[in-house]
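Report on the structure given below.
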Amino acid sequence: MQRVRIPAGELAHLDRGAGAPVLLIHGFPLDHTMWDAQIDALANTARVIAPDLRGFGESPRGDVDSNQGISMEQFADDLVALLDAIGITEPIVLVGMSMGGYIAWQFIGRYPERVRALVQLDTRAIADDEETRAGRLKMAHNVAEWGSGRVAEMMGPRLFSPRAFETKPGLVAAVRRVVEATSPATIAAAQRGMASRPDVTGMLSSISVRTLVIVGDQDVISPPAEMEAIAQAIPNSEFVVIPNSGHMTTMEQPEIVNEALREFITSLDRRHLTPST
Ligand code: MLT
Numbered sequence: 028m029q030r031v032r033i034p035a036g037e038l039a040h041l042d043r044g045a046g047a048p049v050l051l052i053h054g055f056p057l058d059h060t061m062w063d064a065q066i067d068a069l070a071n072t073a074r075v076i077a078p079d080l081r082g083f084g085e086s087p088r089g090d091v092d093s094n095q096g097i098s099m100e101q102f103a104d105d106l107v108a109l110l111d112a113i114g115i116t117e118p119i120v121l122v123g124m125s126m127g128g129y130i131a132w133q134f135i136g137r138y139p140e141r142v143r144a145l146v147q148l149d150t151r152a153i154a155d156d157e158e159t160r161a162g163r164l165k166m167a168h169n170v171a172e173w174g175s176g177r178v179a180e181m182m183g184p185r186l187f188s189p190r191a192f193e194t195k196p197g198l199v200a201a202v203r204r205v206v207e208a209t210s211p212a213t214i215a216a217a218q219r220g221m222a223s224r225p226d227v228t229g230m231l232s233s234i235s236v237r238t239l240v241i242v243g244d245q246d247v248i249s250p251p252a253e254m255e256a257i258a259q260a261i262p263n264s265e266f267v268v269i270p271n272s273g274h275m276t277t278m279e280q281p282e283i284v285n286e287a288l289r290e291f292i293t294s295l296d297r298r299h300l301t302p303s304t
């Protein structure tokens with residue numbers, strides 16, 4: 028992992044491969060390792076940047092106040108600062124998963140000129156309903172006392188398909204370890220940030236870059252029908268359903284996700300090379 032200073036603190040990130048830049052934004056309460064299979068697959072043809080968001084993985088929390096929370100906009104600003112710090116000025120392929128997707132909406136809304144194409148996996152465009160928001164605030168309030176292990180217990184069953192618990196126990200255990208290693212203060216800050224995130228449904232029709240929308244067929248956090256509606260609302264988009272997968276598509280079905288990403292990214296290059304008539 029490399030580290031760079033940004034105005035809000037420091038970000039640890041992987042920077043691998045060479046070529047057109049691809050930025051991978053992880054979900055909650057995870058870190059860049061949820062992209063391990065994609066980093067390996069894409070780094071042959073692209074420059075892959077996979078940060079740990081502030082407070083997650085190897086990145087320190089900086090000045091984040093867990094009582095106040097960290098907004099999706101602040102995370103997006105951190106990521107632009109990261110790109111600036113490592114000298115990436117050309118538009119990127121922006122890839123967000125779940126909370127990373129909430130951040131990606133803010134990134135493209137605030138910095139559209141920095142985005143060449145968008146990939147959204149297993150995420151939502153609507154804001155939380157009252158019940159979900161209350162659940163987040165309850166966790167934010169109690170997590171210091173509960174500990175991160177209880178968060179892993181609460182979230183675990185919702186992250187993977189039932190089949191993954193039988194066939195891929197190693198993956199489930201790896202994600203559990205990442206959640207357990209995330210500090211309660213970071214969990215509280217991010218939950219408060221997600222609870223106050225805006226509904227971005229209204230901006231979907233103004234996204235003009237090519238977009239790929241990916242969802243696991245058994246995702247209970249960002250259900251397929253909801254993601255299909257996102258794809259329908261974005262003018263230049265494609266929609267891919269990953270079979271036999273819950274929310275964690277990148278880990279549960281890495282080959283299928285990698286193939287979809289590779290095909291999408293190389294098609295951007297092909298289109299670029301096609302002479303206009
Ligand atoms: C995630 O995977 O990032 C979270 O499940 C998102 C959420 O809690 O809404």
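Per the numbering used here, numbering through the sequence shown is continuous, rising by one, with the last residue being 304.
Here a beta-carbon is modelled for each residue, glycine too, at the ideal position from N, C-alpha and C.
- DSSP places Met-124 within a strand segment (E or B) once states are collapsed to three.
- Under the 10 Å beta carbon count, Arg-88 is surrounded by 16 or more other beta carbons and is classified as buried.
- It is roughly 24 angstroms from the alpha-carbon of Ala-131 to the alpha-carbon of Pro-211.
- Per DSSP, reduced to three states, the secondary structure at Ala-73 is coil, with no helix or strand assignment.
- Beta-bridge partners of Ser-264 (DSSP): Thr-238.
- Beta-bridge annotation (DSSP): Ile-135 is not paired with any residue.
- Where Asp-156 is concerned, there is no enclosing beta strand (DSSP E), because DSSP gives it neither an H nor an E.
- Between Met-61 and Leu-186, the C-beta spacing is not below 7 angstroms.
- Taking a contact as a CB-CB distance under 8 angstroms, the pair Thr-213 and Pro-56 counts as one, their CB atoms being some 7 angstroms apart.
- The stretch 106-126 makes contact with the stretch 42-54; the number of CB pairs closer than 8 angstroms reaches 3 or more.
- The nearest non-hydrogen atom of ligand 1 is 6 angstroms or more from the C-beta of Gly-46.
- At a Cβ-Cβ threshold of 7 angstroms, Glu-207 and Ala-171 do not count as neighbours.
- Using a 10 angstroms sphere on the CB of Met-181, the tally of other CB atoms stays under 16, which defines it as exposed.
- Comparing alpha carbon positions, the residue from Glu-286, Gly-136 and Ala-161 closest to Gly-229 is Gly-136.
- Ser-232 is classed as exposed because its beta carbon has fewer than 16 other beta carbons within 10 Å across all chains shown.
- By alpha-carbon distance to Arg-151, the top candidate from His-40, Ala-256, Trp-173 and Ser-175 is Ala-256.
- Taking 3 residues as the shortest admissible run, the stretch 44-97 contains the following complete beta strand (DSSP E) segments, listed from N- to C-terminal end: 48-52 and 74-78.
- Taking C-alpha positions only, Gly-123 is separated from Asp-58 by approximately 12 angstroms.
- Among the bridge pairs identified by DSSP, Ala-144 is matched with Val-120 and Arg-237.
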